[in-house]
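S.K.: What follows is a structure written as structure tokens; I'll ask about it next.
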Amino acid sequence: MNPATAVAPVSDPAKAARVLIVDDDALVRKSTARMLSAPGREIVVAADAEAALQAFRAQRFDAIVCDIRMPGLSGIDLLREVRKVDLDVPVVLMTGSPDIDTAAAAVELGAFRYLPKPIETSEMVAAVDRAVRFCQLVHARREALRLAGIDDSQPGDRVGLEQRFEAALDQLWMAFQPIVSLEDGRPAAYEALLRTEEEALKNPASFIAAAEKLNRVHELGRAVRNAVAKAADNAPDGVDLFVNLHPKDLLDPQLIDPFAPLSALAPRVVLELTERASLEDIAGVDDILAELRALGYRIAIDDLGAGYAGLSCLAALSPDIVKIDMSLIRGIDKDPKRQAVVASLIELCESLSMKVVVEGVETRGECDQVTFFGCTLAQGYYFARPQRNFSAVVAVPSAGIVNLDAVDVDIDDVGEVMGPPH
Ligand code: G
Ligand code: MN
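Note that my numbering has the sequence shown beginning at 457, numbered continuously upward.
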């Protein structure tokens, strides 16, 4: 490749729509560029996929027109690389030898069109015109969402979402937040919270929504449980681990497999099921819960007070532990209504032999208030944020800051305002 000729703008760079043409055949490159030149369009040509990628990384394009068979990286390889960073740019593939494999790959990677050569000028122009308009529509829609204050960080197309989801799974890790004993200020347990380094799915709610959209909830659940089992080696002795379940996880045979990695730890694990989601659609939930208990797991109902769990759900779960949602705790020291509700919840749960954990304690006042109501277990930023390690640094009103062990504090600030938990 001669870098001087590999990438060259051949029309006015000040114009709006930018099209990248990639073909190893100089004649095709030239004729395609000529076909597509038009006022208001900038054409950039590249003689191979490597050069195209370089150009693509340097500037935004509204469409890419690319030959499939080229020396070095193929057009399919180029499309795959492009999709790793850009889920929207339309790619029109051209090929002199159409076949099932490349056509299937083109579909899978979200190619915009797959055109067998020779390609009529009118056909090429129409395909690229449409591609450019689509690209502009996607950008305009993004802009509109942004104006409306809607977060559109979730990749739109399935291929892109799948790739992001894969990357998120690869970079999955668990944060741990202590559940503190209000009696002695020590962590009695830790809740494991889903985290990933993948930028697009950094918010755990988006990560879970992606799993739901792609029908890969079980895969995510297994990854979480395996990661917890692995991290448990570093957990202090004697503390329990709380692990969030998606309702659909209940239908995964791996959950009740005695040889699954988490099953070995079942006696020290509490599985949280959120009150926000319905368990009604889960067939045979009673039997599954019984199997989980037989393995040694305990069950908690999460976010109590934030969902719609009726008597039947509570009775079916018969949770060992009830976690009171943070919306009931927020400002409880100044709010007689919340005080009345939480006090009676604590009393009722205790009369049913269910342990209570209050969630989302952020201030000294909130902590004092729930302690006064007889609550003995609490979780929240007031004590510690979710962290990479098993943080032993907690603050309690009686003792002030308790630093039990020297630990590297690695504060995790991601996704603190979330939808469904995990
Ligand atoms: O619903 P669930 O309890 O699983 O939700 C846990 C989420 O709440 C985690 O993302 C965690 O980071 C967040 N969280 C934990 N403690 C607090 C807190 O004190 N305040 C707020 N706003 N969020 C918290
Ligand atoms: Mn939870």
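Yeah, the Cβ is synthetic: ideal placement off N, Cα and C, and Gly gets one too.
Please confirm whether any heavy atom of the ligand G lies closer than 7 Å to the CB of G761.
M.R.: Taking the sequence shown and counting its residues from 1, the one referred to as residue 761 is at position 305. Result no, Cβ not under 7 Å from the ligand G.
S.K.: Identify the continuous beta strand (DSSP E) that holds L657 and give its terminal residues.
M.R.: Within the sequence shown, the letter at position 201 stands for residue 657. L657 -> no beta strand (DSSP E), and no H or E assigned at all.
S.K.: Short of 6 Å in beta carbon distance, which residues of its chain neighbour K811, apart from the five on each side in sequence? Order them along the chain.
M.R.: One-based indexing of the sequence shown puts residue 811 at position 355. Counting only Cβ-Cβ distances below 6 Å, and skipping sequence neighbours, we find I777.
S.K.: Cβ-heavy atom distance between D758 and the ligand MN below 7 Å?
M.R.: Taking the first residue of the sequence shown as 1, we reach residue 758 at position 302. At least one heavy atom of the ligand MN is nearer than 7 Å to the Cβ of D758, so yes.
S.K.: Give the secondary structure of P879 by DSSP, where H, G and I count as helix, E and B as strand, and everything else as coil.
M.R.: Residue numbering for the chain in the displayed model covers 457 to 878; residue 879 lies beyond these limits and cannot be assessed.
S.K.: Could you pull the start and end residues of the beta strand (DSSP E) that S637 belongs to?
M.R.: For this step, residue 637 is matched to residue 181 along the sequence shown. Note, S637: beta strand (DSSP E), 628-637.
S.K.: Of the residues I738, A716, V680, which one's Cα is nearest the Cα of K704?
M.R.: The residue you call residue 704 lines up with position 248 of the sequence shown. Answer by Cα proximity: I738.
S.K.: Can you round the beta-carbon distance between E654 and R620 to whole angstroms, since I take them to be within the 8 Å contact cut?
M.R.: What you label residue 654 is simply residue 198 of the sequence shown in a count that begins at 1. What you label residue 620 is simply residue 164 of the sequence shown in a count that begins at 1. Contact holds; Cβ gap of about 6 Å.
S.K.: Between which residues of its own chain and D781 is the CB-CB distance below 7 Å, once the five residues before and five after are set aside?
M.R.: Working through the sequence shown from its first residue, we reach residue 781 at position 325. Excluding positions up to five away in sequence, the list reads D759, L760, G761, A762, E815.
S.K.: List the residues that DSSP assigns as beta-bridge partners of T730.
M.R.: Sequence index remark: in the sequence shown, residue 730 carries index 274 (1-based). Answer by DSSP bridge pairing, in chain order: D758.
S.K.: Counting C-beta neighbours from all protein chains within 10 Å, is the total for F715 16 or more, i.e. buried, or is it exposed?
M.R.: For this step, residue 715 is matched to residue 259 along the sequence shown. Exposed, because fewer than 16 other Cβ atoms sit within 10 Å of the Cβ of F715.
S.K.: Which first and last residues belong to the beta strand (DSSP E) in which A519 is found?
M.R.: Counted from its first residue, the sequence shown places residue 519 at position 63. From DSSP, the beta strand (DSSP E) with A519 extends over 519-523.
S.K.: Taking C-alpha atoms, which residue in K790, P775, R794, A683 lies nearest to S783?
M.R.: Here residue 783 corresponds to residue number 327 of the sequence shown, with the count starting at 1. Out of K790, P775, R794, A683, R794 has the C-alpha closest to the C-alpha of S783.
S.K.: Between the segment 618-634 and the segment 576-585, are three or more C-beta pairs nearer than 8 Å?
M.R.: Segments in contact, no.
S.K.: Can you give me the C-alpha to C-alpha distance between L535 and V547, rounded to a whole angstrom?
M.R.: Working through the sequence shown from its first residue, we reach residue 535 at position 79. Working through the sequence shown from its first residue, we reach residue 547 at position 91. Taking the straight line from one Cα to the other gives about 7 Å.
S.K.: Would you call the CB atoms of V817 and F846 closer than 8 Å?
M.R.: Start at 1 with the first residue of the sequence shown, and residue 817 comes out as number 361. Start at 1 with the first residue of the sequence shown, and residue 846 comes out as number 390. Result no, Cβ atoms of V817 and F846 do not sit closer than 8 Å.
S.K.: Is it buried or exposed, G677, if we count other Cβ atoms within 10 angstroms and call 16 or more buried?
M.R.: On the sequence shown, position 221 is the one that residue 677 refers to. Buried.
S.K.: Going by DSSP, what residues sit across from F698 in a beta bridge?
M.R.: Within the sequence shown, residue 698 is the residue found at index 242, counting from 1. DSSP, once it has assigned bridges, lists E647, V726 as partnering F698.
S.K.: Terminal residues of the continuous beta strand (DSSP E) containing R516?
M.R.: The residue given as residue 516 occupies position 60 in the sequence shown. First-last for R516: undefined, no H or E at that position.
S.K.: Report yes if the CB atom of T570 is closer than 8 Å to the CB atom of L593, and no otherwise.
M.R.: The residue given as residue 570 occupies position 114 in the sequence shown. The residue given as residue 593 occupies position 137 in the sequence shown. According to the sequence as given, residue 570 is Tyr; it is not Thr. No, Cβ-Cβ distance for Y570 and L593 is not below 8 Å.
S.K.: Quick check: the Cα distance between I802 and D708, rounded to an integer number of angstroms?
M.R.: To locate residue 802, count along the sequence shown from 1; it is residue 346. To locate residue 708, count along the sequence shown from 1; it is residue 252. Their Cα atoms are separated by approximately 33 Å.
S.K.: Does I777 come out as helix, strand or coil in the three-state DSSP assignment?
M.R.: Here residue 777 is taken as the residue at index 321 of the sequence shown, counted from 1. DSSP places I777 in strand when its eight states are reduced to three.
S.K.: Does the Cβ of V817 lie closer than 7 Å to at least one heavy atom of the ligand G?
M.R.: Your numbering for residue 817 matches position 361 in the sequence shown. Because some heavy atom of the ligand G lies under 7 Å away, the Cβ of V817 counts as near it: yes.
S.K.: For L509, which residues of its own chain have a beta-carbon under 7 Å away from its beta-carbon, when the five flanking residues on both sides are left out?
M.R.: Counting from one through the sequence shown, the residue named residue 509 turns up at place 53. L534, E537.
S.K.: Here's the rule: buried if 16 or more other CB atoms are within 10 angstroms of the residue's CB, otherwise exposed. What is D866?
M.R.: Along the sequence shown, one-based indexing puts residue 866 at 410. For D866, the predicted structure reports a pLDDT of 41, less than 50, and the residue's modelled location is therefore unreliable. The matter cannot be settled from this model.
S.K.: For E668, which three-state DSSP category applies?
M.R.: Within the sequence shown, residue 668 is the residue found at index 212, counting from 1. Three-state DSSP puts E668 in a helix.
S.K.: Report the option in N671, C831, V684 whose CA atom is closest to the CA atom of R844.
M.R.: Taking the first residue of the sequence shown as position 1, residue 844 is located at position 388. Cα-wise, what sits closest to R844 is V684.
S.K.: For the ligand MN, I want to know if N659 counts as a neighbour, meaning its beta carbon is within less than 7 Å of at least one of the ligand's heavy atoms.
M.R.: As a first step, residue 659 must be located in the sequence shown, where it is residue number 203. Checking every heavy atom of the ligand MN against the Cβ of N659, none is found closer than 7 Å.
S.K.: So, is R754 buried or exposed, given that buried needs 16 or more other C-beta atoms within 10 angstroms?
M.R.: On the sequence shown, position 298 is the one that residue 754 refers to. With 16 or more other Cβ atoms within 10 Å, it is buried.
S.K.: Quick one: complete alpha helix (DSSP H) runs, 4+ long, within the segment 537-596?
M.R.: You should have 556-564.
S.K.: Which of the three DSSP states, helix, strand or coil, is assigned to Q885?
M.R.: A question about residue 885 goes unanswered here, because the residues of the chain that appear run from 457 up to 878.
S.K.: Measuring only the C-alpha atoms, how far is E747 from G740?
M.R.: Indexing the sequence shown from 1 puts residue 747 at position 291. Indexing the sequence shown from 1 puts residue 740 at position 284. If you take the alpha carbons of E747 and G740, they lie about 11 Å apart.
S.K.: From the DSSP output, in three-state form, read off A472 for me.
M.R.: Taking the sequence shown and counting its residues from 1, one reaches residue 472 at position 16. Three-state result, A472: coil.
S.K.: Could you check which residue in P717, R841, P842, I785 has the C-alpha nearest to that of F829?
M.R.: Walking along the sequence shown from the start, residue 829 turns up at place 373. It is I785.
S.K.: Per the contact definition of three or more C-beta pairs closer than 8 Å, is the segment 508-527 in contact with the segment 475-485?
M.R.: They touch, by the three-pair rule.
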